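Note sheet for the following structure.
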Amino acid sequence: MSIRNRLREFRARYRMTQEELARRVGVTRQTIIAIESGKYLPSLKLAFKLAKAFNVKIEDLFEYREFEEGE
Amino acid sequence: MGKIRLLWFAYYLAIVLMGAFVGAFAALGDLFSALLSAVFGAAVLLLLNVAIRKEAAKGKMVLYDERYFRIREKSGSLAFRATVTLLCLMLLSPWISAHVLRSQQLANIFNALLPGTGLALAILVLAYYAAYVYYSKFRGVEG
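Residue numbers (my numbering), protein chains in the order written: chain A, 1 to 71; chain B, 1 to 143.
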């Protein structure tokens with residue numbers, strides 16, 4: 001099971017820096033870096049805030065995979 | 001941003017200096033000076049913390065977020081378990097060395113370490129920071 005996110009992709013599309021996004025959702029830049037690199041799985045509240053920052057649905061930003069490739 | 005980094009640096013430097021002074025005075029047996037250093041150090045840390053918070057509020061900067069609290073919680077728990085395990089091992093070691101290995105010298109060394117509640121605190125702090133680095137750099141965390 002894994003949860004993948006498209007945060008980096010959306011950030012690039014909106015030409016937003018990690019610092020800007022962090023300020024917008026009220027977290028540190030380190031947290032945005034950790035989410036993008038898959039080291040931190042955000043809470044539901046933060047996931048909704050991130051989705052709202054890009055005006056997308058939460059499932060557009062986060063993808064749940066039951067099995068990893070090769071599992 | 002530059003000022004806040006400087007303040008953070010001063011904060012961590014103050015922790016190190018406070019630990020060094022308290023440890024040095026305690027090792028020399030001067031408990032009053034050790035206590036004085038601890039009180040003075042705590043006051044400096046408190047003031048620096050207030051300055052950091054003020055500076056962060058000025059720039060509307062987030063200092064602590066959910067990831068920080070989650071990692072802190074996990075690190076604290078891991079450090080506590082590690083400390084308790086080490087203390088249990090320290091408590092068991094003299095008995096093992098005296099009764100199983102039959103080495104009085106080893107038993108004496110461990111017995112000398114036993115009253116060190118300060119040592120337990122040092123282990124706890126070190127374990128906490130090691131766990132914090134482990135969780136923030138190498139391990140995935142869930143919010």
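Heads up, the beta-carbon is just placed ideally off N, CA and C, and yes, glycines get one too.
Because the structure is a prediction, the values reported are computed rather than measured.
- Non-local beta-carbon contacts of L21/A in its own chain, meaning distances under 7 Å to residues more than five positions away in sequence, involve R11, I32, A53 in chain order.
- Contact annotation for R5/B against chain A: no contact, minimum CB-CB distance about 13 Å [criterion: below 9 Å].
- When Cβ-Cβ separations below 8 Å define contact, K39/A makes contact with chain B.
- Nearest neighbour of K60/B by Cα position, chosen from R4/A, L50/A, R24/A, turns out to be R24/A.
- Residue environment: A57/B is assigned as exposed (fewer than 16 neighbouring CB atoms within 10 Å of its CB, all protein chains considered).
- Short of 8 Å from the beta carbon of A42/B, and not among the five residues preceding or following it, lie these beta carbons of its own chain, in chain order: M18.
- Excluding the 5 residues flanking it on each side, S75/B has same chain C-beta neighbours closer than 7 Å at Y128, A131, Y132, Y135, in chain order.
- Membership of E55/B in the alpha helix (DSSP H) is indicated by the continuous run 31–58.
- For S2/A, the three-state secondary structure derived from DSSP is strand.
- From the beta-carbon of E142/B, the residues of chain A found nearer than 7 Å are L41.
- The Cβ atoms of G29/B and G38/A do not sit closer than 8 Å to each other.
- The C-beta of L7/A comes no closer than 8 Å to any C-beta of chain B.
- For V62/B, at least one C-beta of chain A is nearer than 8 Å to its own C-beta.
- In the DSSP assignment, F62/A forms a beta bridge with N5/A.
- For L46/A, a Cβ of chain B is located within less than 8 Å of the residue's own Cβ.
- In the DSSP assignment, Y40/A is bridged to V141/B.
- For the C-beta of A22/A, the chain B residues within less than 9 Å are, from N- to C-terminus, V62, D65.
- Closest by C-alpha distance to N5/A, out of Y14/A, I35/A, T17/A, is I35/A.
- Shown here, F54/A sits in coil according to DSSP, grouped into three states, outside any helix or strand.
- Not a single CB atom of chain B sits nearer than 8 Å to the CB of T17/A.
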